[in-house]
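**Q**
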Amino acid sequence: AKVLEDSRRQYIALPHVREVSDELGRTLHRKFSCAGLVLETYRYAEIDLVNTDDEAFPRVSKDDLRGCYPVDQSQVMSGAGLDPSQTEWPVLLPAYLFHSLDRPDEEIRAEPYLPQKGDWFFPRVTV
61 AKVLEDSRRQ
71 YIALPHVREV
81 SDELGRTLHR
91 KFSCAGLVLE
101 TYRYAEIDLV
111 NTDDEAFPRV
121 SKDDLRGCYP
131 VDQSQVMSGA
141 GLDPSQTEWP
151 VLLPAYLFHS
161 LDRPDEEIRA
171 EPYLPQKGDW
181 FFPRVTV
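Taking the numbering used here, the leading residue of the sequence shown gets 61, the next gets one more, and so forth.
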């Protein structure tokens, strides 16, 4: 139970990365989502895989997140940065990284990928 509690304290879903500071404002550590850790590692290498700043960044519904997060447990959701009173969130999903990397090298380095609604799976699933 202690390991689970500690891992939840270190994990964040929204935003994909968050600095944790002490009372003097010094950074103690960062919390990441799984996709956030990968994205920020690439950014450190000056490769921006996914545009997370755009207003067009897709919102993911509770049903679509159910496979990734325990969305029916409001305490867990709140701890991960997901407001349980909302029904959609701009969460960085792992599939977005795969879609970004499934482009020509020149394009990957030239511009970050902007996920589209429905990109939650890789490869894309059409209905």
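Just so you know, even glycine gets a beta-carbon here, dropped at the ideal spot from N, CA and C.
With DSSP collapsed to three states, give me the class of R163.
**A** Along the sequence shown, read from residue 1 onward, the residue named residue 163 stands at position 103. For R163, the three-state secondary structure derived from DSSP is coil.
**Q** Is the CB-CB distance between E96 and L152 below 7 Å?
**A** Against the sequence shown, residue 96 aligns to sequence position 36. Against the sequence shown, residue 152 aligns to sequence position 92. Strictly speaking, residue 96 in this sequence is Gly, with Glu absent from that position. It is a contact, given that the beta carbons lie within the stated cut-off.
**Q** Look at the Cβ atom of R119, then the Cβ atom of P144, and state whether they are nearer than 7 Å.
**A** For the purposes of this step, residue 119 is taken as the residue at position 59 of the sequence shown. For the purposes of this step, residue 144 is taken as the residue at position 84 of the sequence shown. No; because the gap between Cβ atoms is not below 7 Å, this pair is not in contact.
**Q** For V63, I'd like the list of residues in its chain whose CB is within less than 6 Å of its CB, leaving aside the five on either flank, ordered along the chain.
**A** As a working note, residue 63 is residue 3 in the sequence shown. At V63, the pLDDT of 49 sits below 50, so the modelled position is not reliable; the number obtained from the coordinates is stated separately. Taken in chain order, the list of residues that qualify is empty.
**Q** Kindly indicate which three-state DSSP category F158 falls into: helix, strand or coil?
**A** Along the sequence shown, one-based indexing puts residue 158 at 98. Residue state, collapsed to three classes: helix.
**Q** Tell whether a beta-carbon distance below 7 Å holds between G141 and L74.
**A** Position 81 of the sequence shown holds residue 141. Position 14 of the sequence shown holds residue 74. Against a cut-off of 7 Å, the Cβ pair of L74 and G141 comes out as a contact.
**Q** Kindly indicate which residue of P183, F181, Q176, V185 has the alpha-carbon position closest to the one of E115.
**A** Along the sequence shown, read from residue 1 onward, the residue named residue 115 stands at position 55. E115 has its Cα closest to that of Q176, out of P183, F181, Q176, V185.
**Q** If you draw a straight line from the C-alpha of F92 to the C-alpha of Y129, how long is it?
**A** As a first step, residue 92 is located in the sequence shown; it is residue number 32 there, counting from the start. As a first step, residue 129 is located in the sequence shown; it is residue number 69 there, counting from the start. Near 14 Å, if we compare the C-alpha coordinates of Y129 and F92.
**Q** List the DSSP bridge partners of F92.
**A** The residue you call residue 92 lines up with position 32 of the sequence shown. DSSP, once it has assigned bridges, lists Y71, V77 as partnering F92.
**Q** Tell me the rounded alpha-carbon separation between E106 and R169.
**A** As a working mapping, residue 106 is identified with position 46 in the sequence shown. As a working mapping, residue 169 is identified with position 109 in the sequence shown. Using only the alpha carbons, I get a separation of about 9 Å.
**Q** Taking E171 as the reference, which of C94, D123, G178, L161 has the closest Cα?
**A** To locate residue 171, count along the sequence shown from 1; it is residue 111. Checking every option, the nearest Cα to that of E171 belongs to L161.
**Q** Reducing DSSP to helix, strand and coil, say where V136 ends up.
**A** Taking the sequence shown and counting its residues from 1, the one referred to as residue 136 is at position 76. The DSSP-derived three-state label of V136 is helix.
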